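So the protein sequences, as listed, match chains B and R.
Counted from 1, the first sequence has number 43 at position 43 by the numbering used here; the numbering is strictly sequential.
So the numbering used here is basically just the index in the second sequence, starting at one, shifted up by 1000.
Ideal placement from N, C-alpha and C gives every residue a C-beta, glycine not left out.
Note that the structure is a prediction, hence the values are computed from the model and not measured.
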Amino acid sequence: MLRGTPFHPRTAALCQAHNWRRWAGCIVAGSYELLHDREYFAIRTAAALIDVSPLYKYHVTGPDAELFLNRLIPRDVARCAVHQVLYTPWCDQAGKIIDDGTLSRLDTDAFRLTAAEPNLRWLQDVAAGLDVTIGDITEALAALALQGPASREILKRISDVPLDDLGFFRLTHARVAGIPATISRTGYTGDLGYELWVEAAQAVALWDGLVEAGAAYGLIPAGILALDVARIEAGLPLLDVDYIPANKALIEERKSSPFELDLGWTVKLDKGPFVGRQALAAENERGPEWQFQGLEIEWDSIERLYAEAGLPPGLPATAWRTSVPVYSGGEQVGYATSGCWSPILKQYIALAHLRSAWAAPGTRLEMEVTVEHRRKRAEARVVKKPFYDPPRKRAVETAP
Amino acid sequence: MKRRDYDAVIVGGGHNGLVNAAYLARAGLDVLVLERRPVLGGAAVTEEVYPGFQYCVCSYVVSLLRPEIIQDLELARHGLEILPLESTFTPLPNGDYLVRWADHDQTRRELYRHSPRDAEAYDEFGKLMLQLAMAVKPILGMAPPDPGSMRPGNLAKMARLGRHFRDLGSEKLAALVKLMTMSSADYLDEWFETEGLKATMAASGIIGTFLGPRSPGTAYVLLHHYMGEIDGAFRAWGFARGGTGAVSEAIASAARSLGAEIRTEASVERILNEGGRAVGVALESGEEIRARLVVSGLDPKRTFLGLLEPDELPSEFVDSIRHFRIRGSSGKVNLALAELPDFTALPGVGPHLRGAMSISPSVEYLERAYDDAKYGEFSRRPYMDIILPSMIDPSMAPPGKHVMSIFVQYAPYALNGGWDDERREAFGDTVIDTLCQYAPNVRDAIIHRQVVTPADMEETFGLTEGNIFHGELSLHQLFFLRPAPAWANYRTPLANLYQCGSGTHPGGGVCGAPGRLAAQQILKEHRP
């Protein structure tokens, strides 16, 4: 049997769709309602509760914790203040990404790292010889994302700490509905939002407290389908979908470096030694072969292709996660790995790996679409990510 | 009766002989298969030894039966159904257990219970083995070149092989060299810490060899295990509906439909040699059957030392066949059971009973089992690979009853004092005693017991020294060395005599590859 998360007693009762999905060996709701649309809009216009407990979580402590993490990740941990959170990938010796997640500095010598895949063995191997303790707290710690414009107001009602000045990618310790929790202003939606980290045994009580406080604000639970649309709009890559972890890839071509995944900004080549630095420095010199960019698929083009078949324009009802060829003229110059109709932008969007020569924003390309059993090419334009980036995501004052 | 000459006569109706016959018949050759026993299949047989209970007397799983053989010979149409055998359950002496399930998440969670590191290492190990298996597999599908020959065809093949290894890259080449030289236990120690996991994996490196998990060279055989994974979607590992005999039956049916003639209870006494050419065979009955060519599916010792006189072959060749390692190391115990085994570690009827059950609690356990055999005794606590055929195919036993197949290692052919009825039963008792430490109800559930010793395998199935692979699958006996240097291309020093059994490349297991590759070699030289 796959395990449920610590919130399962609540999520199971709410999941009308019985649309369960696997995530890291757990079952989580794909959507709670029969359609995921309302759950998506809760993220963008009110607030949504998303169970993100399946994330792998590691507790890193000890005098060498900072040294170890600086060796592990390409970002500069020395510049991470206590109660700051860093988004970061980490790489193998060849500079190819193994995983990505958030690193929270809980204290000078105490950190928490999240990951999409189990990484204990890799962390232990990188920590060889250092005075550091790495604990796998994946199952001990429940994680709940509260995302959406109303999330701050809801959380303020039941938290015992001020939240107005909690900045983007900062955390605080608090009691939420009387339960000791860590609140981080993070999330996978590209919106104003928080993630709450509590002992697994307290998960259900936290859920109940938030549901009660959020009722007046339109808070509803949202599943993975809604989250997937939000994260594509936010331009956030997903492991196993947008990239293959380097330690799982059967062939070299399947691996990606941070530069190739548009995460060059996380690579601090001058901070000191870290795993993959040499390879990344060399890649930085010559420039990456691939880039990971946004694509906007032209509405007129879609409409035309469908009209040729005598049909109204067809659009994906949920986000897709397959590899779709991208062309320039007759030549394939890349492939899209995630895509969806953005309900808020009213735009068909996709995340694509493009050969660098065709990756500049504004480049006109074509993406394959299948219309009535026939493969066609729709016109598309390279754009900068994120597709959707509301100011409230980073703002430190409550949006009006 | 009018006598006629055949194009090819195949000695031995084992699965490889039948595959060979089917391919030759398919190419238009007039083919005759001669089988000594009343049933076809050689060691791949299902027999109703006890009324109502179908035993896979010797071989019990279909390991890597080549998909191209199944397709070429239309074996599905001839009744072959391979059912999945998906898990491996290892009960442990401390009352716990370890299972590797078909589902990745489920296996990861189970391994995590024993060691979080191993749960992660398992995936990366699997990835590396798959990469290496992919690297080695083209070699297995190729008739081996002779590194000593300067013929252009051979040189081209050697060059292709060299390029292939160069293209592997240093990391994988290093791993491959390690696999070729290390013991399976040492190799696995570099990856894992859970004893039950290491031992169960190491066991696949010792099956059919007279080596222990700490003997160098056993690591390579681990890789054979992963070959089937390449055809993952195809699920080549499994249990044939109706038992292993059903595989032989399907191949025989295909061969017949392609025009091959098959005779049972026709024991070949010798190969007819006229002026350095094989021209047919003489049966024990005195009958002589003439053919343009003779193909032997028997093991190399029986073929070259049994069916021919030493002076008919070059003495160096006879010498290398004499030194071919073929020590039998395993036995079989087949049980008819009134009820399912109830494992103390995981009581009740569960999915673990539909897969393999492995008595391999630790590497030390296996090595100690080997120690007994090294000095001429069967293991006091043997390694056992168990399946319940009736859990996969209920028609193997009467409703509600079960059959159990227990592969047991080590049981040396050269037992101190030799095998007799008393030692056979003592061996059977040891197996039951060992099993009952983990599933105590088995003892009283036994309706019938069949014990097959290496001596029985030689006597009944014609396997020299009872070796299940027609020669140990150790590195010095693989590829261009199988069965003898310069004679790995299915040809023999006697013109028009070919070999197609497991003693040739790529070796044992119910895979059919030697039979097919031999047919390809023969057809290159003898187009109808």
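Margin query: In whole angstroms, give me the CA-to-CA distance for His1402/R and Phe41/B.
Written below: Computed Cα separation, rounded: 57 Å.
Notebook entry, point to check: Among Ala378/B, Leu72/B, Leu351/B, Leu261/B, which residue has its Cα nearest to the Cα of Val229/B?
Noted result: Closest by alpha carbon: Leu351/B.
Next item on the list: Quick one: residues in its chain with C-beta nearer than 7 Å to the C-beta of Gln1131/R, no 5 flanking neighbours on either side, listed in chain order?
Entry: These residues qualify, in order along the chain: Lys1172.
Notebook entry, point to check: DSSP on Glu1287/R, reduced to helix/strand/coil?
Noted result: DSSP places Glu1287/R in coil when its eight states are reduced to three.
Notebook entry, point to check: Of all the residues that make up the stretch 135–150 of chain B, which are near chain R by a beta-carbon distance shorter than 8 Å?
Noted result: Listed in sequence order: Asp136.
Next item on the list: Determine, using beta carbons only, whether Ile43/B and Ala226/B come nearer to each other than 8 Å.
Entry: Ile43/B places its beta carbon less than 8 Å from that of Ala226/B.
Checklist line | Under the three-state DSSP convention, the category Ile232/B falls into | finding: Looking at Ile232/B - three-state DSSP - the assignment turns out to be helix.
Notebook entry, point to check: Taking DSSP as the reference, what is the three-state secondary structure of Asn19/B?
Noted result: Strand.
Note to self: Starting from Gln332/B, trace the beta strand (DSSP E) in both directions and tell me its first and last residue.
What the structure shows: Taken as a continuous stretch (DSSP letters only), the beta strand (DSSP E) holding Gln332/B covers 331–342.
Check: Which partner residues does Lys57/B have in the DSSP bridge list?
Finding: Per DSSP, the beta bridge partners of Lys57/B are Thr114/B.
Next item on the list: Output the distance between the C-alpha atoms of Pro118/B and Ala12/B, rounded to the nearest integer angstrom.
Entry: Going by the C-alpha atoms only, they are around 25 Å apart.
Next item on the list: Using a Cβ cut-off of 9 Å, pull out every chain R residue sitting near Pro118/B, in sequence order please.
Entry: Against chain R, a Cβ distance below 9 Å from Pro118/B picks out Arg1108, Tyr1112, Pro1116, Ala1119, Glu1120, Asp1123.
Notebook entry, point to check: Can you name, in chain order, every residue of its own chain whose Cβ lies under 7 Å from the Cβ of Glu303/B, other than the five neighbours on each side?
Noted result: Cβ-Cβ distances below 7 Å link Glu303/B to Pro313 in the same chain, with the five nearest sequence neighbours on each side left out; the list follows chain order.
Notebook entry, point to check: List, in order along the chain, the chain R residues whose C-beta lies closer than 7 Å to that of Arg121/B?
Noted result: The contacting residues are Arg1117, Glu1120, Ala1121.
Next item on the list: Following the continuous beta strand (DSSP E) through Gln1054/R, name the residue where it begins and the one where it ends.
Entry: Unbroken beta strand (DSSP E) run through Gln1054/R: 1053–1056.
Item checked: Arg1036/R beta carbon less than 8 Å from that of Arg1516/R -> No, the pair does not count as a contact, with Cβ atoms beyond the cut-off.
Checklist line | Residue-chain proximity (Gly25/B, chain R), Cβ-Cβ < 8 Å | finding: Judged by the 8 Å Cβ criterion, Gly25/B is in contact with chain R.
Check: Along chain R, which residues have their Cβ under 8 Å away from the Cβ of Arg112/B?
Finding: Ordered by position in chain R, no residue passes the 8 Å Cβ test against Arg112/B, which lies about 17 Å from the chain.
Next item on the list: Grab me the residues of Arg1004/R's own chain with a C-beta within less than 6 Å of its C-beta, minus the 5 sequence neighbours each way, in chain order.
Entry: Counting only Cβ-Cβ distances below 6 Å, and skipping sequence neighbours, we find nothing.
Note to self: Between the alpha carbons of Ile137/B and Leu14/B, how many angstroms are there, rounded?
What the structure shows: Approximately 27 Å between the Cα atoms of the pair.
Margin query: Against chain R, with Cβ distances strictly below 8 Å, would Lys96/B count as a contact?
Written below: With 8 Å as the cut-off, Lys96/B does not count as an interface residue toward chain R.
Notebook entry, point to check: Between the beta-carbon of Leu163/B and the beta-carbon of Arg392/B, is there less than 8 Å?
Noted result: It is not a contact, given that the beta carbons lie outside the stated cut-off.
Next item on the list: Examine the Cβ distances between the stretch 1380–1389 of chain R and the stretch 1356–1367 of chain R and report whether three or more of them are shorter than 8 Å.
Entry: Counting Cβ pairs under 8 Å, three or more are found: they touch.
Item checked: Beta-carbon proximity check, Thr1504/R vs Pro1483/R, cutoff 8 Å -> Less than 8 Å divides the Cβ of Thr1504/R from the Cβ of Pro1483/R.
Next item on the list: Apply the 10 Å Cβ neighbour rule to Leu1098/R and answer buried if 16 or more other Cβ atoms are within range, or exposed otherwise.
Entry: Under a 10 Å Cβ-count criterion, Leu1098/R is classified as buried, with 16 or more other Cβ atoms of the shown protein chains found around its own Cβ.
Item checked: Classification of Val82/B by the beta-carbon crowding that lies within 10 angstroms, buried from 16 upward -> With fewer than 16 neighbouring CB atoms inside 10 Å of its own CB, Val82/B falls in the exposed class.
Next item on the list: Rounded to whole angstroms, what's the CA-CA distance from Pro1440/R to Gln1450/R? Just pull it up for me.
Entry: Here the alpha carbons of Gln1450/R and Pro1440/R stand approximately 19 Å from one another.
Notebook entry, point to check: At a CB-CB cut-off below 9 Å, which residues of chain R make contact with Lys248/B?
Noted result: Within 9 Å Cβ-Cβ: Asp1123, Glu1124, Lys1127.
Notebook entry, point to check: Got a sec? Which residues, its chain only, sit under 8 Å from Ala1025/R by beta carbon, not counting five neighbours each side?
Noted result: Around Ala1025/R: Val1031, Ala1255, Leu1258, Gly1259, Ala1260.
Note to self: Less than 7 Å between C-beta atoms, sequence neighbours within five positions excluded: which residues of the same chain meet that for Phe1469/R?
What the structure shows: Excluding positions up to five away in sequence, the list reads Gly1208, Ser1502, Gly1507, Gly1508.
Next item on the list: List the residues of chain R whose Cβ lies closer than 8 Å to the Cβ of Gln84/B, in chain order.
Entry: Neighbours of Gln84/B on chain R: none; closest Cβ ~28 Å, over 8 Å.
Next item on the list: Grab the span of the beta strand (DSSP E) containing Gln1499/R for me, first residue to last.
Entry: Gln1499/R -> beta strand (DSSP E) spans 1497–1499.
Item checked: Whole-angstrom C-beta distance between Ser338/B and Ala319/B, which should lie under 8 Å -> Contact annotation, Ala319/B with Ser338/B: C-beta distance approximately 6 Å; criterion of less than 8 Å satisfied.
Notebook entry, point to check: If you draw a straight line from the C-alpha of Tyr1490/R to the C-alpha of Cys1500/R, how long is it?
Noted result: Looking at the two C-alpha atoms, the distance is approximately 6 Å.
Next item on the list: Please work out which residues of its chain come closer than 6 Å, Cβ to Cβ, to Ala94/B, disregarding the five sequence neighbours upstream and downstream, and give them in chain order.
Entry: So the list reads Ala279, once near-sequence residues are dropped.
Margin query: Along the chain, where does the beta strand (DSSP E) containing Trp290/B start, and where does it finish?
Written below: Trp290/B -> beta strand (DSSP E) spans 290–297.
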